[in-house]
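Take a look at the structure below.
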Amino acid sequence: MLLVTILGVILIVLGLWCMLTQKNIIKIIIGFSIMDTGIHLLIVSIGYIKDKSAPIMDVVNSSQVIDPVPSALVLTAIVIGLAVTALMLTYAIKLFEIKQSLDINDFKELKW
Amino acid sequence: MVKKLIIIITLVLLAIMLMPLITEVKPFENLSSVSQKYVHAGSEELGSQNLVTSVIVTYRGLDTLGEVAVLFIATAGIGFFLRRKPEEERKKTKASSLVQTGTAFLLPIIFLFGVYIFLHGHLTPGGGFQGGVVIASGILLLMLANVDTKINTNILYWVESVSGAFYIIIGIFGLVLAGGFLDNRILPLGEFGKLLSAGAIPIIYSLIGLKVGAELVGILNNMQRSQ
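If you read the sequences in order, they're chains X and R. With my numbering as the guide, the letters of the first sequence map in order to residues 1 to 112. With my numbering as the guide, the letters of the second sequence map in order to residues 1001 to 1227.
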């Protein structure tokens, strides 16, 4: 599980780096998705309990399962992340229609 | 230059902030008290074999309702932004016959698999959201194979509204007949580990699956028309 935690931290930092440095809006959205995935991995790894298995009670009994609450939380987070990503891509489409460009530097209206 | 420096400092600070998760947090030995209740009572009280499902659909059912609402609002936003004037004709390349034949062969299987996933949400890993996404991926394959695919939006709206309405009606039934909103014990719990068990959970998850599937197909449809 340590590996999953490390991977999650790496993905979070990588995703934030991508969001901060990239100029293309689509790449910024991809960075957001990467960061999202890293956070999911972190939450899942927190729910892990040593030497125990998935919370499905077909062969295991109730003393042998990991914490189901973080898993349920991540399921919710994945769906919300999907919806937010789709909405962001829609904004990207609209922005491209207005300026025929996806470069973030071409949108100066909110800049100060 | 200053900008780059600020970015690097931000990233390093974030990494330092997250470091204790790697170096200091040891995997837990025991469940927290809430999880303990869910794990020990979950299978006996609700009859669901998959504990994640019993947490999502019943114990935290209200949150799932909110989640479905967020998904609906995102879909509505996408539909609003990608509204189209009457379609101008664009040149479309046809998919190869390999893709078309493959689609004709795979589409029913993908649909069947999606339905299987959301019907067995209380027994195996999976559930309404995953099943809905699988169904939507089948429709995406159809759109890739036949560029001119027209989705009947009326059917989509009806499936979405009816399943959403029934979701809430079942929740209110739970309030009246059993312990609380979205309680699954309005139906007999059945035999543990069988398809028809866990009370209303398979019904609720099927409704969620249909609703999520319809919403995602709606998103795909909007994005395809506005490309």
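Built from N, CA and C at the ideal position, the CB exists for glycine as well. Bear in mind that the values here come from a model prediction, so they are computed numbers and not experimental data.
Report, in whole angstroms, the separation of the C-beta atoms of residue i and residue j, which I expect to be a contact under 8 Å.
i	j	result
R:V1052	X:L16	About 29 Å separates the two Cβ atoms, so there is no contact after all.
R:I1203	R:I1170	7 Å
R:A1095	R:A1145	5 Å
X:V69	R:V1057	With 8 Å as the limit, X:V69 and R:V1057 do not qualify as a contact, their Cβ atoms being about 14 Å apart.
R:I1022	X:L2	7 Å
X:I80	R:E1160	X:I80 to R:E1160, Cβ: 18 Å. No contact.
X:I39	X:T85	So it is not a contact: roughly 14 Å between Cβ atoms.
R:G1127	R:F1118	6 Å
X:I43	X:L82	Actually they do not touch by this definition, with Cβ atoms about 16 Å apart.
Between residue i and the rest of its own chain, which residues show a CB-CB distance below 6 Å, the 5 nearest in sequence each way excluded?
i	result
R:S1163	L1207, L1210 and K1211
R:L1196	G1190
R:D1148	none
R:N1221	I1151
R:S1054	G1042, L1046 and S1048
R:G1079	N1222
R:G1138	L1107, I1110 and F1111
R:I1218	Checking the displayed sequence, the identity of residue 1218 of chain R turns out to be Gly instead of Ile. These residues qualify, in order along the chain: T1075 and L1156.
R:L1175	F1181
R:G1199	N1184, R1185, L1187 and L1189
R:I1201	S1048, V1057, H1122 and N1184
X:G31	G15, C18 and M19
X:L87	none
Could you please give me the residues that DSSP links to residue i through a beta bridge?
i	result
X:V65	X:S53
X:D103	X:N24
R:F1028	X:I49
Take residue i and list the residues in its own chain whose beta-carbon comes closer than 7 Å to its own, dropping the five residues that flank it on each side.
i	result
R:L1031	V1039
X:I34	L11, L14, G15 and C18
R:V1071	Residue identity differs from the one stated: residue 1071 of chain R is Leu in this sequence, not Val. If we look at R:L1071 and ignore the five residues flanking it on each side, its Cβ neighbours are V1212 and E1215.
R:A1178	R1185 and I1186
R:L1140	L1220
X:L89	I29
R:V1115	G1131
In chain order, what residues of the same chain have a beta carbon less than 8 Å from the beta carbon of residue i, not counting five sequence neighbours either side?
i	result
X:F107	L95 and K99
X:L102	N24, I25, I26, A92, L95 and F96
X:L7	G38 and L41
R:Q1100	A1145 and N1146
X:V9	G38 and L42
Taking CB distances under 8 Å as the criterion, tell me whether residue i reaches chain A.
i	result
R:L1144	In summary, chain A is missing from the structure at hand, where the protein chains are X and R.
Q. Enumerated in chain order, which unbroken segments of the alpha helix (DSSP H) with a length of 4 residues or greater are wholly contained in the region 1126-1152 of chain R?
A. 1128-1145
(Q) Going residue by residue through the region 1034-1109 of chain R, where are the continuous alpha helix (DSSP H) segments of at least 4 residues, counting only ones entirely within it? (A) 1061-1081
Q: Could you say if the region 1207-1225 of chain R and the region 1153-1170 of chain R meet the contact criterion of at least three C-beta pairs nearer than 8 Å?
A: They touch, by the three-pair rule.
Q. Is there contact between the region 1173-1188 of chain R and the region 1128-1137 of chain R, where contact requires at least three CB pairs shorter than 8 Å?
A. no
Q. Do the region 51-65 of chain X and the region 1046-1065 of chain R make contact, defined as three or more Cβ pairs closer than 8 Å?
A. Taking 8 Å as the limit for Cβ pairs, the verdict is that the region 1046-1065 of chain R does touch the region 51-65 of chain X.
Q) Is the region 42-51 of chain X in contact with the region 1012-1031 of chain R, if contact means three or more CB pairs nearer than 8 Å? A) yes
Q: Run through the region 72-98 of chain X for me and flag every whole alpha helix (DSSP H) of 4 or more residues, listed as ranges in chain order.
A: none
Q | Minimum length 4: unbroken alpha helix (DSSP H) runs contained in the region 1167-1226 of chain R | A | 1201-1225
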